[in-house]
Amino acid sequence: MPPITNKLLPLLTVSLSLTVFSLSAAESFQLTDKANGRNITANIISSDDKNVTIRLNSGKRHTLALSSLTDDSVSKIHAYTVQQRKTAAQEFRDVNKLIGITIFGVAPLWDEPVQTVAQRLGVRAESTVESMRSYRLYTRGAGSFLGAHPYCVTLYGDSEEKTGQISLVFANKGDYGSKFGVGQNHFKKVYAGQDPPESLDKAIELDAKTITTALNKKFDEPEIQYFGEKNDRRKVKRWDWREHSFILSELENEYVSLSIIPTSVADNQGKVARVTDSEMKKIKAKNVLTKTNGDNLIQNIPMVDQGPKGYCAPATMERAMRYMGVPADMYLLAVSATDPERGTDTNLLKENSERIVRSKARKFKPVKFDREIGMREVKKHIDQGVPILWRMRSLTEYNKIATSTTAERTKVKDYEAWATKLQAAATEVVPRLKRIDKNHHICMIIGYNEKTNELAVSDSWGPRYALRWVHIDVASAVSSGGSFVLSF
């Protein structure tokens, strides 16, 4: 994992000069309100020259003005801050050394801009939409984290650009035996001098043991708890440190994953509040952008880059789920519905996601077109702000047409002439496209232009493929059955 280095380690020391300081919150204090004399028992989370952030026994956090507290309380806060300041720099350095990369500064990750953490990790921007930010790195066989090798590192941020979660996937069914992955080879690099594991189960066992041993060196023995919802609910190991929870998941014959999340999220077992249908409809309707040229486009759909793997279905599913407010992880969606050689069974993937989706008041609905795409059906969903998960054949000629049409479209001024040109080109190419049955794929239809008979299509191949345009007849020529939406 060459991009992840310790080059920013000196910044840890520099950061100590900042006024704001994050504390370990391991010790409770009794603080007194100056106005009414009421006592508050709480942990001190952070403080600066004007305010203190505390956590009550209930887990709720509050920020108080120091001027609202008695002099004795302010003295307690000051003394504790000074004492913590003396030990924090070394502790953060120790944890970074344990992990093997510089990931932490001197504040909880959740108080830092996600871009700052991304720069430390060396992960690239993947998606920036109104509700979230994401960064991703496919490590391609190099580097380690807590002594084990992650295949994929993903960093998520919230709408305010604060850090929300780090997710790492280690040995897993999709990579270990896949023709797309590197199988046993990466174990030779990471576990030098050892025989590589002979099976996926042994690989999972080795990575889980390595990570557990490393975390146990620094922290207490892990707490065992359940995490996730419905089909995603699983027994995990949990270590807590300075507002961070390390969540290790190990599923036999499936995967090993590690998430670093806020302790408040871990306390809630990773559950996310559901949004009512009426609220969601209002939110999604606002995402539809209508342009003067007749384009109607859904905005704020997160990108998930499937990278070097044949994970178009899990990546597209994660995009749809996150867009609809349902937590999802491409890798973890994939393992239960993927054969290393044959790819992902989309029907099984949808079936396995059903209970998670329904727990958030969302549902899968079939789209009423098969090989012939009807503009009326497309409009019905797009106008509500709901993208269509489109099953199709990603043929070489289709992709050339989509890419060239999209580039040429930026220069169009006469859309009537453009529509005529597209129709003629489509009439010529459609018979050839219909004869080819290979490269089965799933992506999204995210918009349309009824005047020009075009569809806006989005693939899970990174930002460059977030929006391409094709004529509806060309799309129909490569369309397969079984398209659907994740809707209200």
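This note's numbering puts the first residue of the sequence shown at 43, with every later residue one more than the last.
Note that beta-carbon positions come from the ideal geometry of N, C-alpha and C, so glycine has one too.
Between the CA atoms of residue j and residue i - distance to the nearest angstrom
i      : j      : result
Ile246 : Pro192 : 12 Å
Leu53  : Lys260 : Unreliable positioning characterises Leu53 in this predicted model, as indicated by a pLDDT of 25, which lies under 50. A coordinate reading is not provided.
His228 : Ile96  : Caution is warranted here: a pLDDT of 48 is assigned to His228, below 50, making its placement in the model unreliable, and the coordinate value is therefore given only provisionally. Their Cα atoms are separated by approximately 44 Å.
Asn491 : Arg506 : 21 Å
Thr112 : Lys92  : 14 Å
Arg135 : Ser209 : 21 Å
Tyr41  : Ala160 : Outside the shown range of the chain (43 to 530) lies residue 41, about which nothing can therefore be said.
Phe530 : Pro408 : 13 Å
Asn138 : Arg280 : 18 Å
Glu265 : Thr123 : 28 Å
Glu458 : Thr494 : 7 Å
Phe146 : Glu271 : 29 Å
Thr386 : Ser525 : 15 Å
Ala379 : Glu393 : 9 Å
Ser70  : Phe288 : 23 Å
Gly101 : Asp274 : 25 Å
Glu532 : Ala449 : No answer is possible for residue 532: the residues shown for the chain start at 43 and end at 530.
Leu73  : Thr129 : 23 Å
Leu140 : Lys402 : 38 Å
Gly523 : Ile415 : 10 Å
Thr334 : Val454 : 13 Å
Ser109 : Val165 : 41 Å
Val472 : Leu464 : 12 Å
Leu535 : Ser446 : Since the first residue of the chain shown is 43 and the last is 530, residue 535 is not available in this structure.
Asn81  : Thr105 : 15 Å
Glu263 : Cys194 : 26 Å
Ala149 : Asn441 : 46 Å
Ser518 : Met417 : 11 Å
Arg451 : His423 : 24 Å
Asp319 : Gly336 : 28 Å
Proximity below 7 Å, CB of residue i to CB of residue j
i      : j      : result
Met366 : Val346 : no
Glu496 : His513 : yes
Lys215 : Glu294 : no
Ala376 : Glu360 : no
Glu203 : Pro155 : yes
Cys354 : Ser502 : yes
Ala190 : Asp249 : yes
Ala362 : Leu528 : yes
Pro304 : Trp152 : yes
Asp515 : Ala467 : no
Ile484 : Thr388 : yes
Leu2   : Ala256 : Outside the shown range of the chain (43 to 530) lies residue 2, about which nothing can therefore be said.
Val368 : Arg400 : no
Val520 : Arg510 : no
Gly349 : Tyr180 : yes
Thr196 : Arg178 : yes
Ser299 : Arg276 : no
Glu419 : Phe411 : yes
Gly504 : Leu339 : no
Delimiting residues of the beta strand (DSSP E) encompassing residue i
i      : result
Gln72  : Ser70 to Thr74
Met322 : From DSSP, Met322 is part of no beta strand (DSSP E) but of the alpha helix (DSSP H) over Asp319 to Ala327.
Ala167 : Arg166 to Thr170
Leu528 : Phe526 to Ser529
Thr205 : Thr205 to Asn214
Ser88  : Asn81 to Ser89
Ile487 : His482 to Asn491
Arg435 : Ile430 to Arg435
Val499 : Glu496 to Ser500
Asn93  : Asn93 to Leu98
Arg510 : Arg510 to His513
Leu331 : Val330 to Thr332
Leu179 : Met174 to Tyr180
Alpha helix (DSSP H) segment containing residue i, residue limits
i      : result
Trp460 : Tyr457 to Lys476
Tyr193 : From DSSP, Tyr193 is part of no alpha helix (DSSP H); its letter is neither H nor E.
Ser446 : Thr438 to Arg451
Ala107 : Looking at the DSSP string, Ala107 is not in any alpha helix (DSSP H); the run it does join, the beta strand (DSSP E), is Arg103 to Ala107.
Pro31  : Nothing in the structure corresponds to residue 31, since the chain is present only between 43 and 530.
Ala362 : Cys354 to Tyr365
Thr144 : First-last for Thr144: undefined, no H or E at that position.
Asp249 : Leu242 to Lys260
Asn338 : Premise fails: Asn338 lies in the beta strand (DSSP E), Asp337 to Ile340, not in any alpha helix (DSSP H).
Lys422 : Met417 to Ile424
Tyr373 : Met372 to Val377
Any chain B beta carbon closer than 7 Å to residue i
i     : result
Phe71 : You won't find chain B in this structure, because it holds only one protein chain.
Inter-stretch contact (C-beta, 8 Å, three-pair minimum) for the region 117–125 and the region 81–97: yes
At least 3 beta-carbon pairs within less than 8 Å: the region 419–437 vs the region 324–331: yes
Stretch-stretch touch, CB-based, cutoff 8 Å, three pairs: the region 304–314 with the region 433–444: no
Meets three-Cβ-pair contact criterion under 8 Å: the region 337–344 and the region 169–181: yes
Those runs of the beta strand (DSSP E) which lie wholly inside the region 266–318 and span at least 3 residues: 276–283, 286–293 and 297–304
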